[in-house]
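Sequential numbering of the sequence shown, starting at 0, is according to numbering that gives the first Met the number 0.
Since the structure comes first, as C-alpha cells, the remarks are kept for the end.
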Amino acid sequence: MYLLSRPALLMLLVPGLLQAQDQDPKRPFQGRQSTIGGGLVLNVPIGDFNDVWGRNFVGFGANFTTPGRFLPFDYGFNFAYGVMGKHGARVNVEQGSLGIQEGELTVKSRLFSYMGQVRLRPVNGRVSPYIEGMFGLRQFSTRSGLDMDGSTDPVTYERKANAWTGAYGWAVGTFVGFGPQFYVEGRVERLIGGRVSYVDPTSITISDAGEVNYGTLSSATDVVNVIVGVGLRF
C-alpha cells in the first residue's frame, strides 16, 4: 500500500485549512432584517371593558424590531394611539388685559400604549408569519385645548386626567413582502390590561366660561386589536 509522506500530506491539508480559516462561519438564521412599520388600529374592548365602556375606537400604531443573533426571535417596541372620544364647544374666556375673548375649547380622551415585543418569526421569506409576546404600560389621558379666535399664540393645552396601568398579551401576524424592503402586515393582538379609572367622554360638559366637568368609569382594560399596516425591512 502506498503511503503519503508527512511533507506531502501537509502540502495537501494546509490550503484547505487556510481556506476554512478565511471564511466567516455562517450563523443560524442569517439574513434577517430589522423592521419599522405602522398602520391603522381597531380597538375592540372585551370582557369588563366592553361591559363598562362598550364602544370600539380607532387609532394608529408604529413599531420597530431588530433580529436576534442566533435564534429566530426579533425584539422591539410598539407604540399605539387611540382616540376614545372628544367634545368641543365655543367659549368666552377671560384673557387678562384683553378682557373676555371668544374661542374654541376641545376636550379629547386618548389611550396610549407602550409595549415591548418578543417575536418568534421562524420563516424569513416573502411571506413571514410570526407569533409575539407583549408587555408594557397603557396610559389613559384626557386634556383640553383652547384655541382663541384671532390669536397668533399656539393652542393652550391643559391635562384634565391621567391614569396608567400595566398590560401584557400576545399577537399573531404575517408580513407579505413586495420587493426587497417594502411589506404589508396584518396582525391581531390580545392584550390583558389592569383595572383603571378613565374619563367617560360622553359625560364631558363645557360651560360658556370654559369650565370643564366630566364623569369617570372604572374597569379592567382587556382588548383585541386588529391592525393593518405597511413597513420597511432594512
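Note that beta-carbon positions come from the ideal geometry of N, C-alpha and C, so glycine has one too.
Sub-8 Å separation of residue i and residue j beta-carbons
i, j, result
"V198", "Y213", "yes"
"R255", "S127", "Lying outside 0 to 233, the shown extent of the chain, residue 255 is not represented and no answer is given."
"I205", "H86", "yes"
"S143", "L104", "yes"
"F174", "L231", "no"
"Y74", "G67", "yes"
"F48", "A219", "yes"
"I203", "V106", "yes"
"V183", "I130", "no"
Beta-carbon separation (whole angstroms), residue i vs residue j, contact threshold 8 Å
i, j, result
"G38", "G58", "Contact flag wrong, Cβ pair sits at about 10 Å."
"V222", "G192", "7 Å"
"G30", "N123", "6 Å"
"V90", "G209", "4 Å"
"G168", "R189", "5 Å"
Top-ranked residue by Cα proximity to residue i, from the options
i, options, result
"Q94", "Y129, D152, I203 and I191", "D152"
"S112", "R31, F233, E101 and V40", "V40"
"S108", "G176, N42 and T141", "T141"
"F78", "V171, G36 and M147", "G36"
"Q100", "M83, D146, G228 and P44", "D146"
"G132", "G149, R186 and A88", "R186"
For residue i, the residue or residues it bridges with in DSSP
i, result
"N77", "N62 and M114"
"P44", "V222"
"R186", "G172 and I226"
"Q100", "V92"
CB contact below 8 Å: residue i versus chain D
i, result
"G81", "Going by chain labels, chain D is absent from the structure shown, which holds only one protein chain."
Taking only runs that begin and end inside the stretch 109 to 159, name each unbroken alpha helix (DSSP H) of 4 or more residues, in chain order. none
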